[in-house]
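Quick notes on the structure that follows.
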Amino acid sequence: STIVRPELKTILHHSQSLMLDLFEHFIEPLEQAFQIHSSHRVGKQHSSENKEAYDNRIQAVNYALNTDDGLSIKQYAKADIILLGVSRSGKTPTALYLAMQFGLQAANYPITEDDLENHELPTWADQFKDKLFGLKIDAGRLHEIRTERRANSPYASLQQCEFEVTHINKLYTREAIPTIDTTSRSIEEIATKIIAKTNLKR
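Under our numbering, the first residue of the sequence shown is numbered 2, with each subsequent residue one higher.
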């Protein structure tokens with residue numbers, strides 16, 4: 002049972018049926034751990050407050066999809082954060098996770114070889130400098146990921162991956178862009194650390 006109303010729980014406890022209370026053994030330890038009391042409010046997950054949060058997340062997911070991989074730069078003014086990184090460094094899944102879990106409007110943009118050879122950010126980036134966040138990745142790991150996608154291609158070669166990783170890291174440093182290393186981290190951990198570093202709230 003997941004019933005929270007005391008009068009109904011009492012009736013069930015005194016009935017002849019077997020009842021397993023799914024909340025009973027978890028609520029109290031959680032209350033102690035978080036030092037707050039459960040509201041025991043029925044239907045809270047369907048409240049207008051949660052509906053608003055749900056709507057925000059749907060809107061954020063649509064935004065992430067519409068601005069994925071450098072699409073629709075004209076919408077960057079609405080972004081809460083703009084993720085930068087080389088191809089296959091985790092930009093898209095991170096943007097979608099930030100949208101789904103936190104309701105943040107996260108765009109993502111791939112830094113290309115041309116950008117790296119010019120040693121500068123794309124021209125649009127100057128006006129959104131405070132929204133930029135860089136994803137780093139180990140060249141060896143990037144090589145593995147790209148090889149799964151396009152084996153034996155110049156794009157996936159270790160030499161190409163080392164070139165891109167070296168130059169984008171220098172670019173991050175020169176432009177003072179905050180970063181996180183995605184190499185051995187899950188998407189959940191990446192997103193959580195981004196939130197902690199940026200203090201973003203939705």
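The beta carbon of each residue, even a glycine, is placed where N, CA and C say it ideally should be.
Keep in mind that this is a model prediction, so the values were computed, not measured.
- Between the segment 73 to 82 and the segment 92 to 110 there are three or more inter-stretch CB-CB distances shorter than 8 Å, so the stretches are counted as touching.
- Nearest Cα to V87 within the set I138, M101 and R58: I138.
- Exclusion of the five residues before and after L201 leaves D81, I82 and L105 as the residues of its chain whose Cβ lies within less than 7 Å of its Cβ.
- Distance from the CA of D116 to the CA of Q102, rounded to the nearest whole angstrom, comes to 31 Å.
- In the three-state scheme derived from DSSP, where H, G and I count as helix and E and B as strand, A80 is classed as coil.
- Contact between the segment 145 to 154 and the segment 50 to 69 is absent: fewer than three C-beta pairs spanning the two stretches fall below 8 Å.
- In the three-state scheme derived from DSSP, where H, G and I count as helix and E and B as strand, I181 is classed as strand.
- E176 and G135 have their C-alpha atoms roughly 11 Å apart.
- Under the DSSP assignment, Y156 falls outside any alpha helix (DSSP H); it carries neither an H nor an E label.
- When beta bridges are read from the DSSP output, N119 appears opposite no residue.
- As the crow flies, the alpha-carbon of L133 is around 15 Å from that of T93.
- In this structure, the straight-line span from the alpha carbon of R186 to that of V166 is close to 17 Å.
- Among the bridge pairs identified by DSSP, Y110 is matched with L85.
- Between the alpha carbons of R58 and Y98 lies a gap of roughly 10 Å.
- Taking the Cα positions, F129 is about 20 Å away from A197.
- The beta carbon of T199 lies closer than 8 Å to those of I82, F134 and P179 in the same chain, with the five residues before and after it left out.
- The alpha-carbon separation between E114 and K171 amounts to approximately 14 Å.
- For K202, the three-state secondary structure derived from DSSP is coil.
- Excluding five sequence positions before and after A96, the CB atoms of its chain that fall closer than 6 Å to its own CB belong to A65, L84, A107 and N109, given in chain order.
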